[in-house]
Amino acid sequence: MFKDSEIAKGIQLGRDKMAYFLIFGIAPFFKENFMKELLLCEHLVIGFDESLNKISQMDLNVRFWCLATNEVKTQYLNSAFLGRSCSEDLLAAFKEATKPLNLKKLSQVSMDGPNANFKFFKELTSCIKEGPEDPEILNMGSCGLHSVNLAFKTGAKCTNWKIFDFMRALYYVFKNSPARRALYTLYTNSKDFPKKFCAIRWLENSQVAERCLDILPHIKVFIEQVEKDKNAPTSKSYVTIKEHISDPLLPAKLAFFQSIANEFESFLTEYQTNVPLIPFLFEDLTNLVSRLLKRFVLRDALKEGNILNVDFENVASFLPSKKIDVGISALCHIKKAKASEGQLNTFFKDARKFLIGCVRKLLERSPLIYILTRSVSCFNPMVTLSETLFDQRLTKLLLILCENNWMTPISTDKAKNQLKEVCAESKNVSKLKMYKRTERVDKFWFDLLSTYPKPCNDAISLLKMIMILSHGNSNVERGFSINKECLWENMKEQTLIARRIVYDSIQANGGINNFEVSKQLILSVRNSRGNYEEYKEKKLKEEKELRENLKRKREAENQLKELKAKKLKILEAAQKDSLRVEEEIASLKLLQKKL
Numbered sequence: 385m386f387k388d389s390e391i392a393k394g395i396q397l398g399r400d401k402m403a404y405f406l407i408f409g410i411a412p413f414f415k416e417n418f419m420k421e422l423l424l425c426e427h428l429v430i431g432f433d434e435s436l437n438k439i440s441q442m443d444l445n446v447r448f449w450c451l452a453t454n455e456v457k458t459q460y461l462n463s464a465f466l467g468r469s470c471s472e473d474l475l476a477a478f479k480e481a482t483k484p485l486n487l488k489k490l491s492q493v494s495m496d497g498p499n500a501n502f503k504f505f506k507e508l509t510s511c512i513k514e515g516p517e518d519p520e521i522l523n524m525g526s527c528g529l530h531s532v533n534l535a536f537k538t539g540a541k542c543t544n545w546k547i548f549d550f551m552r553a554l555y556y557v558f559k560n561s562p563a564r565r566a567l568y569t570l571y572t573n574s575k576d577f578p579k580k581f582c583a584i585r586w587l588e589n590s591q592v593a594e595r596c597l598d599i600l601p602h603i604k605v606f607i608e609q610v611e612k613d614k615n616a617p618t619s620k621s622y623v624t625i626k627e628h629i630s631d632p633l634l635p636a637k638l639a640f641f642q643s644i645a646n647e648f649e650s651f652l653t654e655y656q657t658n659v660p661l662i663p664f665l666f667e668d669l670t671n672l673v674s675r676l677l678k679r680f681v682l683r684d685a686l687k688e689g690n691i692l693n694v695d696f697e698n699v700a701s702f703l704p705s706k707k708i709d710v711g712i713s714a715l716c717h718i719k720k721a722k723a724s725e726g727q728l729n730t731f732f733k734d735a736r737k738f739l740i741g742c743v744r745k746l747l748e749r750s751p752l753i754y755i756l757t758r759s760v761s762c763f764n765p766m767v768t769l770s771e772t773l774f775d776q777r778l779t780k781l782l783l784i785l786c787e788n789n790w791m792t793p794i795s796t797d798k799a800k801n802q803l804k805e806v807c808a809e810s811k812n813v814s815k816l817k818m819y820k821r822t823e824r825v826d827k828f829w830f831d832l833l834s835t836y837p838k839p840c841n842d843a844i845s846l847l848k849m850i851m852i853l854s855h856g857n858s859n860v861e862r863g864f865s866i867n868k869e870c871l872w873e874n875m876k877e878q879t880l881i882a883r884r885i886v887y888d889s890i891q892a893n894g895g896i897n898n899f900e901v902s903k904q905l906i907l908s909v910r911n912s913r914g915n916y917e918e919y920k921e922k923k924l925k926e927e928k929e930l931r932e933n934l935k936r937k938r939e940a941e942n943q944l945k946e947l948k949a950k951k952l953k954i955l956e957a958a959q960k961d962s963l964r965v966e967e968e969i970a971s972l973k974l975l976q977k978k979l
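This note's numbering numbers the first residue of the sequence shown as 385 and each following residue consecutively.
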């Protein structure tokens, strides 16, 4: 191919050359450098999630303060393959996958909300906190993104609308059916088909509902025609669609569903990032809850400080049914609908149930209920402008860190004084007022503290600890999409891990176009063949030992069976002898009586 290149002519590629280059040359180089960087960090946050594949793969990502760039970074750490995912399995796999990191530096674990994960968290906390002076992992609940999406799903299921079933059926009735799609286009002159609905795709609910609304008239025409031509499908999906399409308020229900989905998606979209947003989490979640409550609760019942303590059993605090804010689009569809008064009343009551279900779940499971979530908002530049509020939240944060042994009482006092002094300076007040959310909050605060004339070491240490706290697990979720691109059939686990390490390391260094190949990397690749041979020898030795152990085990089992059989024979013979002796004794006693 490259006839003019002597180097290309000399290259020989065996069947497994690129594989061992990757696993024993490139990946170890990146992993070693990454571990050196992590071991220098004072605090770490590890996020994990399990995929639903056959091997129950658990990916772990780590958030840390990068000393080279002085900002928060998130990067793939490792994968574990569980098979089962009870809390004991999670703990063992987690500890193995995080070696050689010091878990006493682990300030938070970011995870979703199954009960097994909460039990794992308790077990990990007790495992790390061996003595009273050891730090305790900070708890902000499960992933904010998961809990918010779960709240939306819960609200939707509180009604009897079965919107999820309808949208799912609408997609599957045309999926993998070219003839049915052709009929639909013939009857309606439309080439717009339903979008796929998936309850766990956080950012696509409103788009699916919008498409459903757009094509609803065409769906009605399609059903009328196939029924007329006696060509109606017999599938369960078609039956579900037919049942829902007769509902005169279906467009209004879809519009209301879309309206609420948009409320949630604005939050979910913004928090799909690795950039630290933890200082804004409390305000953003509070605003989301407030917007939902204002749709169905009287304004007087939503006084400041009462938003998180609404009594859902107090019907007197609710707006009248027909004054519930269901959205302009839903109201337009209601005016067009030929629905009875009873149907309208039921619709508005169901809309209230939807909203109550959403808010209740947010207040039960989201990070909003944790004091730490409110406290870390002291690093929200807007909060610092209110001296009283800033002081309250900062004090509470430092108290939590002191109680959990992450800071000493002296360092907390120093950090508080340094932060208050920096934020009180007029020049810095102007910077705080001009701050925009498009600017990285970690860089903003580090520049503010590091350029202050007086040393702010304790405040900077506090900043690094807080900014790495996770606001959501989206980075781990995105990793599963990357895994799919890396996978091929029968790929070994270590190959997948190596590919992810290389991919994330290159991305962390600015991408493939900005990556410089160092001499150390070249040397590592040169040594990969030797490492591969050592690995093969080690595996052969392990397999040989395993075979020998299995052989010895089988021999021991056979010997055990033989001994058990021998013991049984001895016992049977002894029992016969015992019976014979008993008979002799009995006959002698009988003879003794006669004499």
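Note that the Cβ used here is the ideal one computed from N, Cα and C, for glycine as well.
Using a Cβ-Cβ cut-off of 8 Å (strictly less than) and excluding sequence neighbours within five positions of Phe505, which residues of its own chain qualify? Val493, Met495, Ile521, Asn523
What's the gap between the Cα of Ala940 and the Cα of Glu956? 24 Å
Between Gly741, Leu529, Leu600, Asn544, which lies nearest to Leu652 when the distance is taken from Cα to Cα? Leu529
Where Ala721 falls: helix, strand or coil (DSSP): Note: Ala721 maps to coil in three-state DSSP.
Note down the Cα distance separating Asn462 from Leu781, rounded to an integer number of angstroms. 31 Å
Could you spell out where the alpha helix (DSSP H) holding Asp797 opens and where it closes? 793-808
Quickly, what does DSSP pair Val429 with across the bridge? List them, please. Arg447, Gln492
In the DSSP assignment, what are the bridge partners of Ser338? There is simply no residue 338 to check, as the chain begins at 385 and stops at 979 in what is shown.
So, at 7 Å on beta carbons, what are the nonlocal neighbours of Cys450 in its own chain, with the 5 sequence-adjacent residues on each side left out? Lys457
In terms of residues, what are the limits of the alpha helix (DSSP H) holding Arg565? 562-572
Whole-angstrom C-beta distance between Thr624 and Asp734, which should lie under 8 Å: Going by Cβ atoms, the distance from Asp734 to Thr624 rounds to 18 Å, so no, they are not a contact pair.
Just the Cα atoms here: how many angstroms apart are Val965 and Glu472? 58 Å
Quick one: grab the DSSP three-state call for Phe828. Phe828 falls in the helix class under three-state DSSP.
Please say whether Ile852 and Phe448 have beta carbons closer to each other than 7 Å? yes
In its own chain, which residues sit with a C-beta less than 7 Å from the C-beta of Leu833, not counting the 5 before and 5 after it? Cβ-Cβ distances below 7 Å link Leu833 to Val806, Cys840, Ala843, Ile844, Leu847 in the same chain, with the five nearest sequence neighbours on each side left out; the list follows chain order.
Excluding the five sequence neighbours on either side, which residues of its own chain have a C-beta within less than 7 Å of the C-beta of Pro519, listed in chain order? Once the five neighbours on either side are set aside, the close Cβ partners of Pro519 are Lys488, Asn788, Asn789, Trp790.
Report all residues from its chain with a CB closer than 7 Å to the CB of Ile708; omit the five preceding and five following residues, and keep chain order. Cβ within range, chain order: Arg679, Phe680, Phe732, Ala735, Arg736.
Find the nearest neighbour of Ser889 within the set Val901, Gly856, Pro516, Phe418, judged by alpha-carbon distance. Phe418
Spatial neighbours of Pro632 within its chain, please: C-beta separation below 8 Å, excluding the five flanking residues on both sides. The beta carbon of Pro632 is closer than 8 Å to those of Ala721, Lys722, Ala723, Gln727 in its chain, skipping five residues each way along the sequence.
With distance defined between alpha-carbon atoms, name the residue in Pro837, Arg744, Ala892 nearest to Leu677. Arg744
Rounded separation between Lys559 and Arg565 - CA only: The alpha-carbon atoms of Lys559 and Arg565 are separated by roughly 8 Å.
If you run the structure through DSSP and keep just helix, strand and coil, what is Glu455? strand
Compare the C-alpha of Ser854 against each of Glu594, Val659, Phe413 and name the closest. Val659
Round the Cβ separation of Ile599 and Asp576 to the nearest angstrom and send it over; I've been treating them as touching at under 8 Å. Between the beta-carbon of Ile599 and that of Asp576 there is about 5 Å, and that keeps the pair under the 8 Å contact cut.
Do you know how far the Cα of Ser526 is from the Cα of Phe502? Distance between the alpha carbons of Phe502 and Ser526: 8 Å.
Does Glu517 come out as helix, strand or coil in the three-state DSSP assignment? coil
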